[in-house]
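Notes to accompany the following structure.
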Amino acid sequence: MSNNALTESFNSGFGALSNAWNVPAVANGQVSLTGNSAMMEWAIGRDAGHGYGTYTVTAKAEGSQPGPGIILWPGDDKWPGQEIDMLEITPDGSGRQYGTVHWNNNGADAYATVIYDGVQGGSFHEYQMIWAPGLITFKVDGVTKGTIDGNVPVDYDHGGMNNTIGFMNNNPNTSLTISHLEFTPLGQSVVATPAPAQQAPAPSAPAPSAPAAAPAAVAADAGPVDWNALAAQVTAHYEATGRWELPGAASAAPAAAPAPAPAPQVEVAVKVDWEALAAQVTANYEATGHWYL
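For the sequence shown, full-length UniProt numbering puts the final residue at 293, and the numbers step up evenly by one.
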């Protein structure tokens, strides 16, 4: 068997956990174990069940005595062995819950435990166990309750043995109800994906070449230019002075701008092509957001 993912919601029987005894029929997507009862996957060999990965169970344990158990049983069905318990109850009558890792210590059962502080029975919790090389992590309702990094079993794919998932209850004063089971195999080490090649930024539109002599300074973002009025002013100034320029151009420049070198006055014998001038200023505005020639 391979280390396959598994999901069981118990909507139509026991699913993969068909090795069951004294278990009533599934009802409303839940299985309740009372008295002496259990269900589990078949433990038929070292490759049976599952290995490294995340095991998640939604369950409710009731009672303050040992009895309920969420068990990962050795795949070869031999005990003492590499049993991992996601849920058990302490024998001191407190109802405290805990997780355990068991191993075979020269024929004797040895174990290490993690107490689930603050977790109360009588209500559903999400129990989670992450089995990784050299480390087992126990969580309840998304909160890490502890880790065990000694005597951690090796799974079948890495030369060891898998475990089968099971549930049990062996006390008439306790019970265990399960509504969901999920196993996700441990993923391979994440390989950094090369970042996509950075595209060179698109070249910006070349700034329009400024004419040798600007006919006017136009305020940025001043709105559409009244070209007819502008033409009338330049024409009137030419008739009065003989020079094609906008009167008051020097004073219209922004105060913060450095004073440009005076442009030579060029007398021309033709009128200004205002349509071309307007087209160039409009193109400058569309490219830069500023009205200028």
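Beta carbons are placed, not taken as given, at the ideal position from N, Cα and C, and that holds for glycine. The structure presented is a predicted model; accordingly, all values stated were derived computationally and were not measured.
Sub-8 angstroms separation of residue 151 and residue 114 beta-carbons: no
Classification of residue 356 by the beta-carbon crowding that lies within 10 angstroms, buried from 16 upward: Residue 356 lies beyond the residue range present for the chain, which begins at 1 and ends at 293; the question has no answer from this structure.
Three-state class that DSSP yields for residue 155 in the structure shown: coil
Closest residue to residue 310 among 53, 119, 82, 98 (Cα-Cα distance): No answer is possible for residue 310: it lies beyond the span of the chain, which begins at 1 and ends at 293.
Through-space distance from residue 123 to residue 3, alpha-carbon basis: 31 angstroms
When 155, 58, 75, 118 are compared against residue 136, the one with the closest alpha-carbon: 155
CA nearest to the CA of residue 162, picked from 8, 13, 45: 45
Exposed unless 16 or more other CB atoms sit within 10 angstroms - verdict on residue 61: buried
Ranges of the beta strand (DSSP E) found wholly within the region 72-116, counting only runs of at least 3: 84-89, 97-105, 108-115
Cβ-Cβ distance between residue 175 and residue 32 below 8 angstroms: yes
Delimiting residues of the beta strand (DSSP E) encompassing residue 128: 125-132
Alpha carbon of residue 158 to alpha carbon of residue 49, nearest angstrom: 14 angstroms
CA-to-CA distance, residue 90 to residue 66, given in whole angstroms: 6 angstroms
Alpha carbon of residue 14 to alpha carbon of residue 54, nearest angstrom: 20 angstroms
Separation of residue 51 from residue 76, as counted between CA atoms: 13 angstroms
N-terminal and C-terminal residue of the beta strand (DSSP E) that residue 140 is part of: 135-140
For residue 183, the first and last residue of its enclosing beta strand (DSSP E): 163-185
Of the listed residues 169, 138, 279, 126, nearest to residue 21 (C-alpha basis): 169
Cα-Cα separation between residue 30 and residue 69, rounded to whole angstroms: 16 angstroms
With 16 other Cβ atoms within 10 Å as the buried cut-off, status of residue 236: exposed
Whole-number beta carbon distance between residue 179 and residue 58, since they are thought to touch under 8 angstroms: 5 angstroms
Residue 97, buried or exposed, once every other Cβ within 10 Å from all chains shown has been counted against 16: buried
Distance, residue 129 Cα to residue 24 Cα: 27 angstroms
When 17, 63, 39 are compared against residue 121, the one with the closest alpha-carbon: 63
When 186, 233, 71, 41 are compared against residue 127, the one with the closest alpha-carbon: 71
Helix, strand or coil at residue 8 [DSSP, three-state]: strand
Residue 206 to residue 283 span [Cα, whole Å]: Confidence at residue 206 is low in this model, with a pLDDT of 45, below 50, so its placement is unreliable and the value that follows should be read with caution. Each residue's Cα considered, the two are about 11 angstroms apart.
Burial state of residue 34 (16 or more Cβ within 10 Å): buried
Three-state class that DSSP yields for residue 233 in the structure shown: helix
Member of 147, 116, 149 whose CA lies at the smallest distance from the CA of residue 301: Residue 301 is absent from the model: the chain starts at 1 and stops at 293.
Under the three-state DSSP convention, the category residue 61 falls into: strand
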